[in-house]
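Inspection log for the structure reproduced underneath, given as structure tokens.
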Amino acid sequence: MTTDVTGANRPLTQPPGRLHEALEAQSRRTPDRVAVVAGRIRLTYAELDRWANGIAVALAARGVGRGDLVGICLDRDEWLVPALIGVLKAGAAYVPLDPAYPAERLRFMAEDAAVSAVVTSAARRGTASLTGAPTVLVDDVTPAASGPEVPGEPGDAAYVIYTSGSTGRPKGVVVEHRNTLNLVRWEASAYTAEELSGMLAGSSICFDASITQIFTPLSAGGTVIMAETVLSLPALPARDEVRTVFGVPSALSVLLREPLPDGVRMVLSGGERLTAALVARMFANPGVRRVLNMYGPTECTTGSTMFEVTRDYQGEPPLGEPMANAL
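Numbering-wise, the sequence shown is residues 2 to 328 according to this note's numbering.
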């Protein structure tokens, strides 16, 4: 009965694969399209791929390979997305190490995951060194036309995210390529090209909302617009290019104290209860056409259910229906 309800047996329209391979394919299709915007810096798909290759090559030179775990300790700048993809290209899985986190938590996560290396910057080297792992500096990376040839399977780990630890010590949740690719493919089919053309990435990579914010648009030729937090939207140089905003209701409530940029078309909500009152404030922005309520634990690859709240919907938004193959 559970399978029938979840739709877990829906046929896959594309074969399982590895996440970075899907991104490489998109890079070949749209090499000159803008992939990442960080402040006033823009990376095309071709540039993103070359920088990711360079990071993968640097990691391979340090002995990193299939099955290893690599920490990412970077600011939310133009280096973050290439680093994530570069780790995957090296055959490893990434472990987010947000430099804003307390040193003790960073040390715990790095030691618990037994990371083989940490990708960081010269500016964050001191923070990254607290982990005790060898570092690879993005400042020293040279872009490369290709990365290392690393065999792998869809069942290989793509990332490890540590939960909040509200019931004890934080625990690392290992998520595979096939699960991640299933999510981003489903979302890419559920969102329009316009909605994916400017996705605000305002969540720490330590939170799984970042998977949707970064990899879903990049899998479909869209653009990722980096921000420190969702509340940074009004001050972004590229604020008028943002088409989709994804945040927790408490943050969205603060953001909505002022009108959203006219270009915002969709608001995604997750992580907390979404109220009808907040939905009404979202739709008070005339440019907003869709509001989606997402639910799902980290263990289920970011999201398990989704509900689209229409302008004329009456009542409190439910959790919705399962995403394809969510189990």
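No residue lacks a Cβ here, since even glycine has one placed at the ideal position from N, Cα and C. Quantities reported herein were computed from a predicted structural model and do not represent experimental measurements.
| Asked | Found |
| --- | --- |
| Local Cβ density within 10 Å of ALA57, reported as buried at 16 or more and exposed below that | buried |
| 6 Å Cβ shell around LEU275 - same chain, five flanking residues per side excluded | PRO250, ASN294 and PRO318 |
| Proximity of VAL71 and VAL116 at Cβ, strictly below 9 Å | yes |
| Extent of the continuous beta strand (DSSP E) run through VAL246 | 245-248 |
| For PRO155, the nearest candidate out of VAL255, ALA61 and ARG67 (CA to CA) | ARG67 |
| Short Cβ contact (9 Å threshold) for GLY222 with ALA191 | no |
| Residue from ARG290, PRO103, ALA114 and ASP78 whose Cα sits closest to the Cα of ASP69 | ALA114 |
| Three-way DSSP call (helix, strand, coil) for PRO235 in this model | helix |
| Close Cβ partners of MET2 (< 6 Å) along its chain, the five nearest in sequence each way excluded | Confidence in MET2 is poor, its pLDDT being 31 and thus under 50, which makes the residue's placement too unreliable to answer from. |
| The region 15-31 touching the region 118-126, judged by at least three CB pairs closer than 8 Å | no |
| Simplified DSSP assignment, three categories, for PRO218 | helix |
| Complete alpha helix (DSSP H) runs within the region 98-149 (minimum length 4 residues, chain order) | 104-114 and 126-130 |
| VAL185: first and last residue of the uninterrupted alpha helix (DSSP H) it sits in | 178-191 |
| Cβ contact check for the region 176-186 and the region 141-159: 3 or more pairs under 8 Å | yes |
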